[in-house]
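Note sheet for the following structure.
What follows is the structure, given as structure tokens:
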């Protein structure tokens, strides 16, 4: 960088103004859209009060992409929509077209790149996920690999509307949950099952004792001395393997290849439509890591999806279906085993019990 | 705030972080609260202390560390 | 040139119909040699069933305590290309709108100064550039800055705010999510780049109750679009829907407050009883539209599990007139935010999110601390236990 540019170091400029990247049809009809219609799982049209139409073609992406991938998208955007494109909160790419006639040729070019148009309407939406082994130090599993395996299996549900309502699947590789896993129709969560190990040598160099103790949600970390040196002791009886202490103290690694894996949760929902937002609930406490394709996880997700597709009424989200038929029946239909782990024994646990005589026999 | 007070404040902030390195991690708001007490006689406002801390950070005399949460640290050699 | 590392396990993930991230890492490696070692390390993780990223070590640019995440391999000798493999968060454009020109430049910088890999986008909303070394961070930062892009949040600070695409394309949007997201991000640059909080703090803006950015489950301060007056009904379009959809079963019977019914062929809505859940509008967008007095509800306290458990956002402000306040440079909102942050500064502890602070000190104490009156909209129902802590002044009433 030239010397004069260094002197003018830019900071605190904030994000780029979005107005610069809105296509003309959006600028013209901003805040004046009348309605939209889904054309198929990969495209929709928004109609403005002025009568102007904006066609959107949605394409699934793996979120982790190369510069070449970005240029592929840009080339298509230049060819079909004057270079305008956007991304969705679920890592899809959206091409913003003014001319309906461009939809089919664009879709053909998308297919040539090995990509899939889809994700709109009553489909399995693209899976939001975290970094996993590709880039994270606290992960209990990979993320991208599990997601790829599940999406390969559910591909037909992304490209075609075949479900009673939309199904949102999310993946997080540990309890930090960098992603909105906690309120998804189906959630896959990386899970540690053993207490952290204390590396005495590194502890005093790398960690602050009080904040490490404070990091524990169950007060399971206590100060101790060993050979006259300050250390920490973990109450393994009460530790819930959340990894919060490892986040604060690098000398308490918790990952364990022999015992780490994934858990499956269902029936979360963040939309307020009809029913209030709710967290996902545990259905499978643990599936061991089985790279490269995690077949048991794929099978579990498919089992849930098949049961939902079979049992839910049109318009019912997963949680609405399960609450209509009852959790006992959900476990019976899917064949998943209900265990002691399904009964909440953490903070505020009692709110999840059944305080009534209501039961389906 | 006089230049003299500001210099004392800067020295105290950096000195405190140095003194406690390896013992206690101060997050920025902790050090601001400490300095509020320390400089109560000088009538410094929270905003003035935060402003001085920002200048110290922008000048690179202290850096931010992160371990679950952010804290203040002495820059490592070579950076 | 052949592959630097054999990757038989990852190769399995190039099979199948869904687009492969492994292929993407390989394509990045074609442009950025260091990324070959990323493939090698991830392959080893697949063999060993454990992450090989080390915990600890910092990365950043001068003056900022946010926007970069330090990442170091456990095996620098074996995988020298990822000895340092930091990520840089670039604050996204509101609503994730771009054009091909700027995206090509963003990708070009990622290839020149990083591993040629990007997350579009990270969970919070930033563009993430993967694989930078500390010694090239400043140059990458300034290259993005010259393009008009700054770094995002990280650490104990205001995390990068994000929003749904709002009025840019959605007829459901009840306020301008893109604008308020942009305006507040600009207003709080200091809070984003220089971590001064007890822990992270997130703003998210959704234009309606469908909440497409999941604000209510993951942002400390969630803005969810709503309206005060009546749903606008186009009776002709209602009749068109009746021809193709069982409106009684799929729309009316699913209304959570049973506030709508047919009188003859006309749809009637008891608007004061409507909770603005969006269901009927979702089902019949041509026939029904939100009213004219639009704004947002503000929910506080949502968060992910760590440290003391996940929480959903709680209703605090049923109606906030976004448009009116924006004309005033968001004076009312900024005062509320300042009250919340001051209370958190004063009473919060390290790594305690706002929701956890509320739980610890009690919602009423929190309300008094931030200057809000308790109102019935905040609760599902009034308390049902009699353990009331009466205060002295009540006796004089």
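Residue numbers (the numbering used here), protein chains in the order written: chain G, 1 to 361; chain U, 362 to 440; chain V, 441 to 837. Ideal Cβ positions, reconstructed from N, Cα and C, are used throughout, including at glycine.
For residue 486 of chain V, the enclosing alpha helix (DSSP H) has its first and last residue at 475-488. In summary, residue 126 of chain G is buried, with 16 or more beta-carbon neighbours lying within 10 Å of its beta-carbon over all protein chains present.
Using a 10 angstroms sphere on the CB of residue 230 of chain G, the tally of other CB atoms stays under 16, which defines it as exposed. The C-beta separation of residue 526 of chain V from residue 510 of chain V comes to about 5 Å, placing the pair in contact by the 8 Å criterion. Its chain contains 638 and 639 as the residues whose beta carbon lies nearer than 7 Å to that of residue 792 of chain V, once the 5 sequence neighbours on both sides are disregarded; these appear in chain order. The CB of residue 247 of chain G comes closer than 7 Å to the CB of 429 in chain U, given here in chain order. For the alpha helix (DSSP H) assignment, the uninterrupted runs of no fewer than 4 residues enclosed by the stretch 558-591 of chain V are, from N- to C-terminal side, 577-586.
Within the stretch 625-684 of chain V, the complete beta strand (DSSP E) runs of at least 3 residues fall at 643-646 and 661-667.
Boundaries of the beta strand (DSSP E) harbouring residue 43 of chain G: 43-48, taken from the DSSP string. Under the rule that a run must span 3 or more residues, the beta strand (DSSP E) segments found entirely inside the stretch 742-807 of chain V read 754-760. Neighbours of residue 688 of chain V across chain G, judged by C-beta separation under 7 Å, do not exist; the nearest C-beta is about 13 Å away.
Residue 825 of chain V and residue 271 of chain G have their C-alpha atoms spaced approximately 31 Å apart.
Taking a 10 Å sphere around the C-beta of residue 821 of chain V, we find fewer than 16 other C-beta atoms and assign the residue as exposed. Nearest in C-alpha terms to residue 52 of chain G, of all of G/27, G/64 and G/60, is G/27. Interface annotation for the stretch 578-593 of chain V against chain U: empty, criterion Cβ-Cβ distance under 7 Å. Membership of residue 288 of chain G in the beta strand (DSSP E) is indicated by the continuous run 281-288. Residue 402 of chain U sits exposed, since fewer than 16 C-beta atoms from the chains shown fall within 10 Å of its C-beta. For residue 527 of chain V, the enclosing beta strand (DSSP E) has its first and last residue at 526-530. Counting only residues of its own chain and dropping the five nearest sequence neighbours on each side, residue 752 of chain V has a CB closer than 7 Å to the CB of 656, 657 and 742. Against residue 381 of chain U, chain V offers no close residue; the least beta-carbon distance is about 15 Å (beta-carbon pairs closer than 8 Å).
A Cβ-Cβ distance of about 11 Å is found for the pair residue 184 of chain G and residue 277 of chain G, leaving them out of contact under the 8 Å criterion.
Cβ proximity to chain G below 7 Å picks out 649, 650, 651, 652, 653, 654, 656, 657 and 658 from the stretch 641-659 of chain V. For residue 385 of chain U, the chain G residues whose C-beta falls within less than 7 Å of its own C-beta are 208, listed in chain order. Taking a contact to require three or more Cβ pairs closer than 8 Å, the stretch 368-388 of chain U and the stretch 334-344 of chain G do not qualify as touching. Within chain V, the C-beta atoms nearer than 9 Å to that of residue 242 of chain G come from 745, 746 and 747, in chain order. Within the stretch 128-141 of chain G, no residue places its CB atom closer than 8 Å to a CB of chain U.
Excluding the 5 residues flanking it on each side, residue 133 of chain G has same chain C-beta neighbours closer than 7 Å at 139 and 142, in chain order. Boundaries of the alpha helix (DSSP H) around residue 205 of chain G: 200-206. Taking 9 Å as the cut-off, the beta carbon of residue 531 of chain V is found no closer than this to the beta carbon of residue 617 of chain V. In chain order, 389, 425 and 431 make up the part of chain U whose C-beta sits under 7 Å from the C-beta of residue 635 of chain V. Among the residues facing chain U, residue 196 of chain G is not included, as its CB has no counterpart in that chain under 9 Å away.
In the same chain as residue 202 of chain G, and ignoring 5 residues on each side of it, the C-beta atoms closer than 8 Å to its own belong to 250 and 251, in chain order. According to DSSP, residue 430 of chain U shares a beta bridge with U/428. In this structure, DSSP gives residue 218 of chain G a state outside helix and strand, which the three-state scheme calls coil. A buried status is given to residue 247 of chain G, since no fewer than 16 other beta-carbon atoms sit within 10 Å of its beta-carbon. Within chain U, the C-beta atoms nearer than 8 Å to that of residue 211 of chain G come from 386, 428, 429 and 430, in chain order.
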